[in-house]
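Visitor:
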Amino acid sequence: QLRNKGEMFVENLTAFKQKLFFGGPERLQMLSAWLEYAAHPAGAEFYIFCDEQSKMVVSLLSKVDLLKYFVSINPLQPTKLVSHVIGYEHKIRKECEGKRHLMLLRLLQLTN
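The end of the sequence shown is residue 149 by my numbering, with every number in the run present.
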């Protein structure tokens with residue numbers, strides 16, 4: 038379980054245990070294939086709302102090669118990426134008091 042774990046926890050896990058957080062290697066492969074399929078034709082952006090620390094989830098996504106689906110290029114600084122992981126400490130979550138429907142509405146406002 039990831040509850041109350043930090044970025045170092047993810048760094049110290051074996052590659053197999055990191056994959057188990059996504060249901061194991063086979064399920065991770067299916068998820069990766071689906072994200073690849075869904076992202077390219079429509080140019081879709083994917084977001085994650087989680088009750089964990091954003092950095093920890095970003096680290097886990099990076100370790101299992103899924104991070105590329107949950108980032109985009111920063112329009113103000115084209116050499117930088119913006120994470121689409123909304124953790125418990127994220128600015129949007131605080132603005133919306135953790136209410137997911139308001140966070141979704143806020144993201145729609147920001148992306149249009």
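Where a beta carbon is used, it is the ideal one built from N, C-alpha and C, also for glycine.
So, are the CB atoms of S109 and E82 less than 9 Å apart?
Guide: Yes.
Visitor: Tell me which same chain residues have a C-beta within less than 8 Å of the C-beta of E126, skipping the five on either side of it?
Guide: Counting only Cβ-Cβ distances below 8 Å, and skipping sequence neighbours, we find Q90 and S91.
Visitor: By DSSP, does L50 sit in helix, in strand, or in coil?
Guide: Coil at L50, not helix or strand.
Visitor: Should V101 and K42 be called a contact, given that it needs their Cβ atoms to be closer than 9 Å?
Guide: No, the Cβ-Cβ distance between V101 and K42 is not below 9 Å.
Visitor: Against chain B, with Cβ distances strictly below 9 Å, would L139 count as a contact?
Guide: Absent from the structure is chain B; it holds one protein chain and no more.
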